[in-house]
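Listed in order, the protein sequences are those of chains A, B and C.
Under my numbering, think of the first position of the first sequence as 36, with each following residue one higher.
Under my numbering, think of the first position of the second sequence as 36, with each following residue one higher.
Under my numbering, think of the first position of the third sequence as 36, with each following residue one higher.
Here a beta-carbon is modelled for each residue, glycine too, at the ideal position from N, C-alpha and C.
Structure, as structure tokens:
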Amino acid sequence: MKLGRNVRIHDFVNLYGCEIGDDVKIGTFVEIQKGVKVGNRCKISSHSFICEGVTLEEGVFIGHNVTFTNDRYPRATNRHGELQTEADWKCVPTLVKRGASIGSGATLLCGITIGENAMIGAGSVVTKDVPAGATVAGNPARIV
Amino acid sequence: MKLGRNVRIHDFVNLYGCEIGDDVKIGTFVEIQKGVKVGNRCKISSHSFICEGVTLEEGVFIGHNVTFTNDRYPRATNRHGELQTEADWKCVPTLVKRGASIGSGATLLCGITIGENAMIGAGSVVTKDVPAGATVAGNPARIV
Amino acid sequence: MKLGRNVRIHDFVNLYGCEIGDDVKIGTFVEIQKGVKVGNRCKISSHSFICEGVTLEEGVFIGHNVTFTNDRYPRATNRHGELQTEADWKCVPTLVKRGASIGSGATLLCGITIGENAMIGAGSVVTKDVPAGATVAGNPARIV
Chain A
36 MKLGRNVRIH DFVNLYGCEI GDDVKIGTFV EIQKGVKVGN RCKISSHSFI CEGVTLEEGV
96 FIGHNVTFTN DRYPRATNRH GELQTEADWK CVPTLVKRGA SIGSGATLLC GITIGENAMI
156 GAGSVVTKDV PAGATVAGNP ARIV
Chain B
36 MKLGRNVRIH DFVNLYGCEI GDDVKIGTFV EIQKGVKVGN RCKISSHSFI CEGVTLEEGV
96 FIGHNVTFTN DRYPRATNRH GELQTEADWK CVPTLVKRGA SIGSGATLLC GITIGENAMI
156 GAGSVVTKDV PAGATVAGNP ARIV
Chain C
36 MKLGRNVRIH DFVNLYGCEI GDDVKIGTFV EIQKGVKVGN RCKISSHSFI CEGVTLEEGV
96 FIGHNVTFTN DRYPRATNRH GELQTEADWK CVPTLVKRGA SIGSGATLLC GITIGENAMI
156 GAGSVVTKDV PAGATVAGNP ARIV
């Protein structure tokens, strides 16, 4: 794990193998998996989950209880009925561009890009790319 | 923080600066922020997040994984690109009246009032006031 | 609590009174309540909540931040205004059949059966039975 300067991390967090930039705040009950890159001046609020494959550029706001995903067809086991391993699974990346804001309770499907300064409404389920500066909401999320 | 009599708090919680009434139960992985008021005989289930600006009257049920919000346009940084401080942000209040029940997985936008004994269905996204005694569900939540 | 062989449990979990099969993985910030049965080779991802009344057969995938429920009309207090006890409440069961996959951020209403190998899309709110092999998504979740 690589931590920038002036990073504030609350209690009960699970971070591993990620890169966190400068001046980042990370709330309680947050998990950030290996390979994640978090840019400078991001704020990641409590109860959120940021999985492998996610990149947050600078100044991104992640609300509370936000869930990212990285697998289109997740399964517990492979076709032989054994627990899946890294070999059975492909990580699909997601990019959140600078200044974007992901509202609390949002779920993001993988393989998408959230444009610069876009705003995702609370409780949205985001299934496709969001243009820069757009505001989206709903399930599936649409421009409002 | 001010705790009433006979409050039961589970492990792994993050409470600070809030007022909790008598006979309240608070589950695991709950965060309650400063300024929150929780009335007597409320039940707050695991994984829920209650932010600054929220008031729960008496006998309110908060399901599991419920998310409140208090900022209509959250951002990580201010217009100068610096991390936001308290000065850059206005807390929008939410009121849940006595006997109301917020179903698990619900997300509540801010600035709204949930009426007495109203019931919010599991997984709802509540975007506006809910009348007393009403049952709502969906995203956005509508009366059912 | 009864744990099978080769169970991997991460930090910050709250398990009690449940039965966990062999080769099960349980992520961070998970709560599993009493009476839950988890079959062999299930994977339960971080931030998920599995309540009393839920049975997972073999090889079930539970994504991150998944919420089960077991009470159709939850309330904090009974008709006399006192905190509810076990006597005021009926647990409604939910069954997830072998090989099913529950996407991250999904909420499941109670009293339903998720069929074998069914797939629940991320962020769905599942309100009724899902047939074997079906894929559902949305709020309420519908076959896609």
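Coarse secondary structure for residue i, derived from DSSP in three states
i: B/GLU121; result: helix
i: A/GLU151; result: coil
i: C/LEU50; result: strand
i: A/THR142; result: strand
i: C/SER136; result: strand
i: B/ARG177; result: strand
i: A/THR162; result: coil
i: A/ARG43; result: strand
i: C/LYS78; result: strand
i: A/PHE64; result: coil
i: C/THR104; result: coil
i: C/VAL69; result: One point to set straight first is that residue 69 of chain C is Lys, not Val, in the sequence displayed. Correct three-state label for C/LYS69: coil.
Unbroken beta strand (DSSP E) run spanning residue i, endpoints
i: A/ALA172; result: 170-172
i: A/LEU130; result: 129-131
i: C/VAL89; result: 89-91
Buried versus exposed call for residue i [16 or more other C-beta atoms within 10 Å across all chains shown]
i: A/THR104; result: buried
i: B/THR120; result: exposed
i: A/ASP106; result: buried
i: A/HIS99; result: buried
i: C/VAL179; result: exposed
i: B/LYS37; result: exposed
i: C/ARG177; result: exposed
i: B/HIS82; result: buried
i: B/GLY168; result: exposed
i: B/LYS163; result: exposed
i: C/LYS125; result: exposed
i: B/GLY138; result: buried
i: C/GLY52; result: exposed
i: B/GLY116; result: exposed
Residues near residue i by beta carbon distance below 8 Å, same chain, minus five either side
i: B/ASP57; result: GLY39, ARG40, ASN41, VAL42, ASN75 and ARG76
i: A/LEU118; result: ALA111 and THR112
i: B/GLY133; result: The sequence shown places Arg at residue 133 of chain B, rather than the Gly named in the question. For B/ARG133, where only same-chain residues beyond five positions count, the Cβ hits under 8 Å are GLY74, GLU92, GLU93, GLY94, VAL95, GLU151 and ASN152.
i: C/GLY156; result: GLY138, ALA141, THR170, VAL171, ALA172, GLY173, ALA176 and VAL179
Own chain residues within Cβ distance below 6 Å of residue i, not counting five before or after
i: A/ASP123; result: ASN113
i: B/PHE47; result: THR63 and PHE64
i: A/THR170; result: MET154 and VAL179
i: C/THR102; result: PHE84 and THR142
i: C/CYS145; result: THR104, ASN105, VAL127 and THR129
i: A/GLU54; result: LYS37 and LYS72
i: B/PRO166; result: GLY150
i: A/GLU184; result: Coverage of chain A is limited to positions 36 through 179, which leaves residue 184 of chain A absent and any answer about it impossible.
i: B/VAL131; result: LEU91, VAL95 and ILE149
i: C/SER136; result: PHE96 and MET154
Close-in-space but distant-in-sequence residues of the same chain around residue i (CB under 7 Å, 5 per side omitted)
i: C/ILE44; result: ILE61
i: A/GLY173; result: SER159
i: B/PRO175; result: VAL160 and THR162
i: B/ILE147; result: THR129, VAL161, LYS163 and ASP164
Meets three-Cβ-pair contact criterion under 8 Å: the segment 66-74 of chain C and the segment 88-103 of chain C: yes
Cβ pair count under 8 Å reaching 3, the segment 108-115 of chain C against the segment 75-87 of chain B: yes
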